[in-house]
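Student: Below you will find the structure I want to go over with you.
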Amino acid sequence: MSAPSVLVVGGGFAGLSAAIRAIELGARVTLVEATRHGGGRARSFEDRTLGCTIDNGQHLMMGCYHHTRAFLRALDAENLVDFQRDLTVSMVRPGGNPSRLRCPALPAPWHLGAGLLGMRGLGWRHKAVALRAGLLLASEVRRPDDTETCDAWLRRMGQTAAVRAQFWEPLIWATLNEDPLVASAAMLLAVLERAFLGTRDDSTLGVPRRPLSELYVPRALERIEAAGGSVHLGDPVRRLHVEDGRVAGVTTRGGRRFDAGRVIAALPPHALLEILPDDWRVHPEFADVARLTYAPIVNLWARVRRSPLDGQPFVGLVHSPIHWVFDRTRIEGRDDDEPVLSCTISGAYGFLRDTAKSLQDLFVAEMRRFFPKVPVEVVAFKAIKEKRATISHAAGTYGLRPTVASPIAGLFLAGDWVRTGIPATIESACQSGHEAAALAARPAAGGWQDGPRPRIRAVP
Ligand SMILES: Cc1cc2nc3c(=O)[nH]c(=O)nc-3n(C[C@H](O)[C@H](O)[C@H](O)COP(=O)(O)OP(=O)(O)OC[C@H]3O[C@@H](n4cnc5c(N)ncnc54)[C@H](O)[C@@H]3O)c2cc1C
Numbered sequence: 282m283s284a285p286s287v288l289v290v291g292g293g294f295a296g297l298s299a300a301i302r303a304i305e306l307g308a309r310v311t312l313v314e315a316t317r318h319g320g321g322r323a324r325s326f327e328d329r330t331l332g333c334t335i336d337n338g339q340h341l342m343m344g345c346y347h348h349t350r351a352f353l354r355a356l357d358a359e360n361l362v363d364f365q366r367d368l369t370v371s372m373v374r375p376g377g378n379p380s381r382l383r384c385p386a387l388p389a390p391w392h393l394g395a396g397l398l399g400m401r402g403l404g405w406r407h408k409a410v411a412l413r414a415g416l417l418l419a420s421e422v423r424r425p426d427d428t429e430t431c432d433a434w435l436r437r438m439g440q441t442a443a444v445r446a447q448f449w450e451p452l453i454w455a456t457l458n459e460d461p462l463v464a465s466a467a468m469l470l471a472v473l474e475r476a477f478l479g480t481r482d483d484s485t486l487g488v489p490r491r492p493l494s495e496l497y498v499p500r501a502l503e504r505i506e507a508a509g510g511s512v513h514l515g516d517p518v519r520r521l522h523v524e525d526g527r528v529a530g531v532t533t534r535g536g537r538r539f540d541a542g543r544v545i546a547a548l549p550p551h552a553l554l555e556i557l558p559d560d561w562r563v564h565p566e567f568a569d570v571a572r573l574t575y576a577p578i579v580n581l582w583a584r585v586r587r588s589p590l591d592g593q594p595f596v597g598l599v600h601s602p603i604h605w606v607f608d609r610t611r612i613e614g615r616d617d618d619e620p621v622l623s624c625t626i627s628g629a630y631g632f633l634r635d636t637a638k639s640l641q642d643l644f645v646a647e648m649r650r651f652f653p654k655v656p657v658e659v660v661a662f663k664a665i666k667e668k669r670a671t672i673s674h675a676a677g678t679y680g681l682r683p684t685v686a687s688p689i690a691g692l693f694l695a696g697d698w699v700r701t702g703i704p705a706t707i708e709s710a711c712q713s714g715h716e717a718a719a720l721a722a723r724p725a726a727g728g729w730q731d732g733p734r735p736r737i738r739a740v741p
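Numbering (this note's numbering), first residue to last: 282 to 741.
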């Protein structure tokens with residue numbers, strides 16, 4: 282019985298985790314990726330302005346990223362992410378007043394309850410309503426309503442403005458990349474269930490200690506080739522071929538054709554729609570994909586004379602358009618004289634048209650407002666706008682997300698945005714990749730039927 286051949290299109294977290302899982306399941310993988318470097322929306326590159334390697338955007342993981350962790354383990358890279366021992370989140374209020382959630386070593390979800398009770402900077406009335414929501418969580422996750430917004434859910438749970446500002450809203454912006462006023466409560470509940478109703482470790486935060494691509498891209502590409510597969514970078518797929526309702530292969534813009542009976546398309550929604558044959562684009566499942574919209578993230582990178590974070594790797598800002606500030610120099614253990622900070626603005630719809638100068642002014646003004654004792658001085662600055670950072674998790678959109686098994690036989694969909702039950706995150710990408718690989722690499726009833734590796738031929 283020969284190994285099955287799986288063609289993976291797209292070299293981000295979803296495509297590469299699918300490829301590695303397919304190899305583990307005995308398949309031979311061919312990977313086609315549009316760019317020369319891979320990594321998609323979670324990549325790093327050398328930046329001349331800042332004089333170091335930076336990410337397209339700061340990424341955080343959680344202990345409950347089980348698929349991501351399995352993928353990184355398979356690449357011997359899990360140790361490149363620093364996971365906390367216990368969940369600790371430091372927030373800063375304007376003027377510099379701290380507010381810290383530190384969960385003690387108790388079983389979940391009691392660790393969160395105790396953490397909320399001990400939270401500095403939050404009065405007893407606010408703690409009491411937060412605890413009440415925690416107690417109701419197990420019953421809430423059993424009946425998630427995707428048409429309810431996070432805002433409506435928080436009001437139904439009786440949450441006060443203070444506990445919203447210091448706990449719920451930072452969590453919602455960070456995990457759903459969307460305004461709590463429009464974001465889906467069902468998606469928030471999916472996060473809460475995975476993070477707080479499992480084990481204590483599930484709720485911890487993980488920060489990559491190395492630039493993102495280093496974690497997984499070259500390692501995964503090498504693994505594919507070492508397993509007898511092939512990698513084709515810098516040549517985007519132009520067209521997916523479907524014959525009699527079955528996938529038949531792809532053609533790239535460079536004119537190469539890859540024949541394949543099992544294809545994993547690990548692409549963002551717009552890129553998938555572009556390569557579909559016209560008659561399939563109007564299929565109801567794909568017509569729904571066309572109705573998904575995107576939510577942006579703007580990342581601000583600054584080299585400064587002195588870090589205002591006072592030794593902390595990252596802090597959240599309460600009531601600021603800048604949601605998080607990370608000290609990358611500290612996180613990476615470098616000894617730069619002038620540290621590099623990375624700031625995240627999630628759901629950054631209102632910042633896409635801003636110039637670099639006005640974003641730098643915003644950065645300086647916010648650093649002064651939150652850290653008045655350490656006036657920030659900028660040495661170098663860069664803003665990175667990711668217009669299509671994730672799909673929008675606006676209430677009512679979950680049903681538009683397609684399943685991994687597509688209506689085209691032999692075509693499987695992966696990507697953070699497919700129907701995984703969780704928001705579009707690295708974990709959703711890796712979960713979908715693993716699910717797609719399990720379907721694509723399984724033997725057909727009578728053994729592997731689609732022969733050896735995909736054939737490559739030039740297209741006139
Ligand atoms: C700034 C920013 C911050 C984020 N922060 C977090 C965070 O803190 N935590 C978290 O969990 N998630 C975060 N995310 C989301 C996370 O980056 C994504 O969920 C994840 O990277 C998606 O991976 P993917 O493989 O599904 O898609 P992508 O990374 O988009 O990969 C798709 C790949 O397909 C390739 N491609 C496109 N078209 C073609 C074609 N025609 N032919 C061949 N290849 C093609 C692309 O080049 C790309 O490499 C963030 C995203 C951004 C942008």
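Using N, Cα and C, we set each Cβ at its ideal position, and we do this for glycine too. A quick note: this is a predicted structure, and the numbers were derived from the prediction, not measured.
Around the Cβ of histidine 715, are there at least 16 other Cβ atoms within 10 angstroms (buried) or fewer (exposed)?
Tutor: When all chains shown are included, histidine 715 counts as buried.
Student: So does the stretch 328 to 346 actually touch the stretch 308 to 316, counting three or more Cβ pairs closer than 8 Å?
Tutor: Result no; under three Cβ-Cβ pairs closer than 8 Å.
Student: Using the Cβ count rule (16 or more neighbours within 10 Å means buried), how would you classify threonine 678?
Tutor: Under this definition threonine 678 is a buried residue.
Student: Cα-Cα, which of Gln365, Gly396, Gly402 is closest to glycine 415?
Tutor: If we check each option's Cα against that of glycine 415, Gly396 comes out closest.
Student: Considering only heavy atoms of ligand 1, does any lie closer than 7 Å to the CB of leucine 393?
Tutor: No, the Cβ of leucine 393 stays beyond 7 Å of every heavy atom of ligand 1.
Student: Using the three-state DSSP reduction, which class does threonine 610 fall into: helix, strand or coil?
Tutor: In the structure shown, threonine 610 sits in a helix (DSSP, three-state: H, G or I).
Student: Would you check whether ligand 1 has a heavy atom nearer than 7 Å to the C-beta of alanine 351?
Tutor: No.
Student: Taking 7 Å as the cut-off, does the CB of asparagine 360 come closer than this to any heavy atom belonging to ligand 1?
Tutor: Every heavy atom of ligand 1 is 7 Å or more from the Cβ of asparagine 360, so no.
Student: Where are the beta strand (DSSP E) runs, 3 residues long or more, that stay fully inside the stretch 621 to 682, in chain order?
Tutor: Within the stretch 621 to 682, the complete beta strand (DSSP E) runs of at least 3 residues are 621 to 627, 659 to 672.
Student: Buried or exposed: threonine 330, going by 16 or more other Cβ atoms within 10 Å of its Cβ?
Tutor: By the neighbour-count rule (16 or more Cβ atoms within 10 Å), threonine 330 is not buried but exposed.
Student: Is proline 549 close to ligand 1? I mean its beta-carbon at under 7 Å from any heavy atom of the ligand.
Tutor: Yes, ligand 1 has a heavy atom inside 7 Å of this Cβ.
Student: Please state the DSSP three-state secondary structure of asparagine 360.
Tutor: Three-state result, asparagine 360: helix.
Student: Measure the C-alpha to C-alpha separation of serine 601 and leucine 457 and round it to an integer number of angstroms.
Tutor: If I take the Cα positions, the gap works out to 17 Å.
Student: Going by beta-carbon coordinates alone, are cysteine 624 and valine 606 separated by less than 8 Å?
Tutor: In this structure, valine 606 lies closer than 8 Å to cysteine 624 by Cβ.
Student: In terms of residue numbering, what span does the alpha helix (DSSP H) encompassing threonine 456 cover?
Tutor: From DSSP, the alpha helix (DSSP H) with threonine 456 extends over 450 to 457.
Student: Taking tyrosine 575 as part of the alpha helix (DSSP H), name the residues at either end of that continuous run.
Tutor: From DSSP, tyrosine 575 is part of no alpha helix (DSSP H) but of the beta strand (DSSP E) over 575 to 585.
Student: Return the chain-ordered list of same chain residues with a C-beta closer than 6 Å to the C-beta of isoleucine 737, the five sequence neighbours on each side being excluded.
Tutor: Any reading at isoleucine 737 is ruled out, since the residue's pLDDT is 48, under 50, leaving its predicted position unreliable.
Student: Given 8 Å as the limit, is there contact between the stretch 353 to 364 and the stretch 639 to 653, that is, 3 or more CB pairs closer than that?
Tutor: No, they do not touch.
Student: Between the C-alpha atoms of alanine 464 and leucine 382, what's the straight-line distance to the nearest angstrom?
Tutor: Whole-angstrom Cα-Cα distance: 24 Å.
Student: Which of the three DSSP states, helix, strand or coil, is assigned to arginine 519?
Tutor: Arginine 519: strand per DSSP, three-state reduction.
Student: Methionine 343 and aspartate 483: beta carbons closer than 8 Å?
Tutor: Yes, these two residues count as a Cβ contact at 8 Å.
Student: Taking the alpha-carbon of glycine 702 as reference, which of Arg562, Leu470, Val289 has the nearest alpha-carbon?
Tutor: Answer by Cα proximity: Leu470.
Student: Please report the Cβ distance between leucine 681 and alanine 546, rounded to the nearest whole angstrom; I am assuming they are in contact, meaning their Cβ atoms lie under 8 Å.
Tutor: Rounded, the Cβ-Cβ distance is 17 Å, inconsistent with contact.
Student: Comparing C-alpha positions only, which one of Ala443, Pro594, Cys345 sits nearest to arginine 481?
Tutor: It is Cys345.
Student: Quick one: using the 10 Å Cβ neighbour count with 16 as the cut-off for buried, is glycine 292 buried or exposed?
Tutor: It counts as buried.
Student: Taking the beta carbon of aspartate 608 as the centre, do at least 16 other beta carbons fall within 10 Å, making it buried, or is it exposed?
Tutor: Buried, by the Cβ-count rule.
Student: In terms of alpha-carbon separation, which member of Thr636, His522, Pro620, Arg519 lies closest to glutamate 658?
Tutor: Nearest option by C-alpha distance: Pro620.
Student: Would you give the residue range spanned by the beta strand (DSSP E) that histidine 513 belongs to?
Tutor: Looking at the DSSP string, the run of the beta strand (DSSP E) that includes histidine 513 is 511 to 514.
Student: Compute the Euclidean distance between the alpha carbons of glutamate 495 and arginine 413, then round it to the nearest angstrom.
Tutor: Near 42 Å, if we compare the C-alpha coordinates of arginine 413 and glutamate 495.
Student: Taking glutamine 365 as the reference, which of Gln447, Arg475, Pro489, Ala467 has the closest Cα?
Tutor: Among Gln447, Arg475, Pro489, Ala467, the Cα nearest to that of glutamine 365 belongs to Pro489.
Student: Please say whether serine 709 and tyrosine 575 have beta carbons closer to each other than 8 Å?
Tutor: It is not a contact, given that the beta carbons lie outside the stated cut-off.
Student: According to the Cβ coordinates, are glutamate 506 and alanine 676 closer than 8 Å?
Tutor: Not in contact: glutamate 506 and alanine 676 (Cβ atoms no closer than 8 Å).
Student: Go to cysteine 333, then tell me how far its beta strand (DSSP E) extends in each direction, as first and last residue.
Tutor: Start and end: 333 to 336.
Student: Tell me whether aspartate 482 sits in a helix, a strand or coil according to DSSP, three-state version.
Tutor: DSSP places aspartate 482 in helix when its eight states are reduced to three.
Student: Cβ of valine 579 within 8 Å of Cβ of proline 550?
Tutor: For valine 579 and proline 550, no; Cβs fall outside 8 Å.
Student: Please state the DSSP three-state secondary structure of threonine 349.
Tutor: Reduced to three states, the DSSP call for threonine 349 is helix.
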